[in-house]
Each structure stands twice: as C-alpha cells, then as structure tokens.
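Q: With numbering that gives the first Met the number 0 applied, the sequence shown corresponds to residues 0 to 284, in that order.
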Amino acid sequence: MPASLEATVDEVVETVAETAPDVRSGLVGRRSYRETANASGERQLAADVHADELFEERLGDIDGVGEYASEERDGVVDVGEGLSVAVDPLDGSSNLKSNNAMGTIVAVYDADLPARGEDLVAAAFVLYGPITSMTVARDGTVTEYEVVDGELRETEADVTLPEDPVVYGFGGRVPDWPADFETYAREVEQELKLRYGGAMIADVNQVLEYGGVFAYPALDSAPNGKLRLQFEGNPIGYIVECAGGASSDGTQSLLSVEPTDDVHQRVPLHVGNESLVGRLEDALD
Ligand code: P6P
C-alpha cells in the first residue's frame, strides 16, 4: 500500500481509538430511543446518534478521507478527497438497555461507496466489553489492542483462529431459518458450544478467540438476512479472513459480493473456521 494510504489508515485507526472512550462514556444517559429510525428502519437510541456524530466529525476531518457513511445516516457524506470510511457506530446498541457488550465497526475502502469488500485496505472493530479492546486488520494480519485513555496497547499480534473450533452463534429465529440452514445448525449444535449475545462484534470476538462460526443467515422472512454489507459484512469478513478463517454470503466470500447502489444493502453473513464455512456452503447448495 502506498505510504500516503498507510498514513491515512494509521490516522483512521488512531482516531477511532481516541474516540472510543468518548463513545463509551457517552453511553451513560443515552439509553432512550429517539422518535427517529435509521435508513434500515431500526429504532435509534440517543447513543447511536451520539456515536455517529463523534465519528463523522473526527474521521471526516482526516486529510486523506474523502467519504463517510454510517448505518445511522441515509447517504454517503462527502468530506474531501481520499479513502472512504464506512462505520457502524454502535453495533448491537439494543444491548445497551440490558447493559451487555456492544461494538463499533470501521471499514476503510480505497474506492467510492458503496464498494466491494476486495476494495478494503483496512477494517477494525472496538469491543466495549469489561475492557475496551480494538481489533485491527490491515496488510493481511490482525492485531488486538487494549484501548487505554484513547491509546492503543498491543495485546496480541497476528491474531489467528484456533484450528479446533469451540463456539457457534446463529442469529434470527429458528422457525425463520430456511430448512437447509436449520439442518446445518442442528449438526453444528451437536459439536460446539452456543455463544450468542445479540451484538455481532462480541459474538465474532468469541469466534476469533476460541474458533468456531458466527452466522446471521438468510431468513424465510428476509432472504438477504439482516446485516449490512458495507458496515458489517465486508469489514467482519475481511478481519476473519485475515485471521485465517473464511467468510461467505452462502455461496462466495463476503468480499466478492457485488455491491448494489444501496449503501445499506443487506447480506447473509457467515464467518469462522474454513471447515465450518465450507460445510455451510455445501449445506446451502
Ligand atoms: P437479533 C445488532 O442489532 C445486530 O445488527 C448485530 O450486532 C447482531 O448480531 C444482530 O443485529 C442481532 O440481531 O435479531 O438477534 O436481535
């Protein structure tokens, strides 16, 4: 990657880390729903909007960032020239009312939005767990940090999925699963331990730590699933693939999915150990 792009990616990563403590402290007192809904028709918490405003202001100020988009905004915001940043400011924000883990997802594309996952130059997530951590994928490797006073402290270099899978987590309601996915799920639940908490970042981090599979599949009621390609599918697929795992929309890597002109395009999302994702694709054949 050219030095200028590397420098911009460095600044995006540092800005997200600096902003994470403000997002976390801003959760207090912002657990109420607003009258508004986001472009995906989901109710917005005050915390969703607060986090989005912080990221738009600070990421949009970076020289070398040209576009900003987020799950909480209808369209793409032109903020200058350069890389495009797509953000899920508070992934799993419905967990705020029950005081459970949530995250922030950031995708950095060297292309205008909506972009293909193959145009990613970096992706990261912040996990607001007992500890605020940040996981960053760039140049084919994944690094985990603790975020301390907005500073990154490396805790694990070259994060790689363990070979022997341990956990699984599948979204959607069982009666809404297509029959072929349900058959696959019934096999996996005989082999692994259930870890599903309602915030993808926390569940995917279990897969990165212990090995396994996370999916929010196509549903009978929602053939394209629930999660968004630009803000969730591409960055999480990129991170898991950089960690030696696999991603799929059911037939191909999430990074190969053809984007439509809808920045909020949904995609069935499956990520985890290659063996488990391969079995899933065979099951959906
Ligand atoms: P459900 C959170 O709203 C989210 O976008 C993901 O973080 C999470 O995996 C999923 O939706 C949870 O959806 O249907 O289980 O509430």
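Glycine included, C-beta positions come from ideal geometry on N, C-alpha and C.
#1: For the alpha helix (DSSP H) containing G277, list its first residue and its last residue.
#2: Rounded C-beta distance between A122 and A136? I'm assuming under 8 Å.
#3: In angstroms, rounded to a whole number, what distance separates the CA positions of G271 and E117?
#4: Closest to E240 by C-alpha separation, out of E273, V107, G81, would be which residue?
#5: For D163, which of V206, A156, V125 has the nearest alpha-carbon?
#6: Taking V27 as the reference, give the member of N98, A156, V15 with the closest Cα.
#7: Where does the unbroken alpha helix (DSSP H) through F180 begin, and where does it stop?
#8: With G102 and I200 assumed to form a contact (beta carbons below 8 Å), what rounded beta-carbon distance in angstroms separates them?
#9: Looking at the unbroken alpha helix (DSSP H) that takes in I200, where does it start and where does it end?
#10: The beta strand (DSSP E) that contains A124, what's its start and end?
#11: Please indicate yes or no: does the CB of G211 lie closer than 7 Å to some heavy atom of ligand 1?
#12: Assuming contact is defined by CB atoms lying nearer than 8 Å, are R30 and A46 in contact in what I supplied?
#13: Tell me H269's beta-bridge partners as DSSP assigns them.
#14: With 16 other CB atoms within 10 Å as the buried threshold, where does M0 fall?
#15: Under 7 Å Cβ to Cβ from T140, same chain only, skipping five residues before and after it: list those, please.
#16: In whole angstroms, what is the alpha-carbon distance linking D60 and T14?
#17: Does at least one heavy atom of ligand 1 sit under 7 Å from the Cβ of K225?
#18: Please name the residue or residues paired with T103 in a DSSP beta bridge.
#19: Can you have a look at E34 and say buried or exposed, based on whether 16 or more other CB atoms are within 10 angstroms of its CB?
#20: Rounded to a whole number of angstroms, what is the C-alpha to C-alpha distance between D138 and K225?
#21: Enumerate in chain order the residues of its own chain whose CB-to-CB distance from D148 is below 8 Å, with the five nearest sequence positions on each side excluded.
#22: Just mark S220 as buried or exposed, buried being the case when its beta carbon has 16 or more other beta carbons within 10 Å.
#23: Taking DSSP as the reference, what is the three-state secondary structure of V239?
#24: In the DSSP assignment, find the unbroken alpha helix (DSSP H) run with G59 in it and report its ends.
#25: Within its chain, find whatever has a CB closer than 7 Å to the CB of E71; leave out the 5 residues flanking it on each side and keep chain order.
A: Considering the structure as presented:
#1: 273-283
#2: 5 Å
#3: 18 Å
#4: E273
#5: V206
#6: N98
#7: 178-190
#8: 3 Å
#9: 199-209
#10: Residue identity differs from the one stated: residue 124 is Phe in this sequence, not Ala. First-last of the beta strand (DSSP E) with F124: 119-127.
#11: no
#12: yes
#13: A214, S247
#14: exposed
#15: D157, C241
#16: 10 Å
#17: yes
#18: V125
#19: exposed
#20: 29 Å
#21: P20
#22: exposed
#23: helix
#24: 45-59
#25: N37, Q43, D47, V48, D51, P88
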